[in-house]
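Worksheet: one structure, shown below.
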Amino acid sequence: MKKTLLTLACAAIAPLAFAQSSSTTTQTTATNPVTGSTETTTTTTSTEGTVTTFEPGKTIVVRRVGVTDPISYALGKTVHYLNKAGKEIEAGMIRPGARVHVYYDKDGETQVVNRVVVDQDED
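Heads up: take any position in the sequence shown, counting from 1, add 4, and you land on the working numbering.
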């Protein structure tokens with residue numbers, strides 16, 4: 005009976021784990037008291053979804069899976085546009101309806117994109 009309940013619980017939770025559409029990576033460098041080097045913290049978050057609006061050099065708006073309202077991201081000055089094979093593509097390849105992974109850093113309340121990966125191999 006316990007095994008059956010555990011199996012059913014795992015089966016019910018598994019789709020939720022696969023439906024996650026964002027992740028965060030944090031890199032921290034500690035301060036060295038001897039040399040006096042400064043601490044550097046970089047937090048990059050990624051999310052995936054469908055482009056609803058794209059203005060090159062300004063913003064990209066993405067509707068995430070399972071989230072009703074789309075999210076607007078500011079495009080960084082050195083943003084890179086890639087296909088899923090890692091090849092650079094032109095910003096013009098990104099259109100509404102395209103599936104993308106957006107990698108961004110937080111600058112206060114603003115989410116600044118540094119990389120957009122389009123889920124396609126061709127350029």
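Each residue gets a CB set at the ideal place from its N, CA and C atoms; glycine is no exception.
In DSSP terms, what residue i is bridged to
i: residue 111; result: 114
i: residue 42; result: Answer by DSSP bridge pairing: none, since residue 42 is not bridged.
Distance between beta carbons of residue j and residue i, contact taken as under 8 Å
i: residue 77; j: residue 115; result: 5 Å
i: residue 117; j: residue 80; result: 6 Å
Per-residue DSSP class, three states only, for residue i
i: residue 96; result: helix
i: residue 76; result: strand
i: residue 54; result: strand
i: residue 122; result: strand
i: residue 36; result: coil
i: residue 81; result: strand
i: residue 69; result: coil
Within 8 Å, strictly: CB atoms of residue i and residue j
i: residue 75; j: residue 83; result: no
i: residue 119; j: residue 55; result: no
Residue of the options minimising C-alpha distance to residue i
i: residue 86; options: 37, 106, 73 and 111; result: 106
i: residue 59; options: 121, 102 and 96; result: 96
i: residue 108; options: 40, 56, 51 and 42; result: 51
i: residue 2; options: 47, 121, 54 and 35; result: Any question about residue 2 goes unanswered here, given that the chain covers just 5 to 127.
i: residue 101; options: 91, 53, 111 and 81; result: 53
i: residue 69; options: 112, 62, 104 and 110; result: 104
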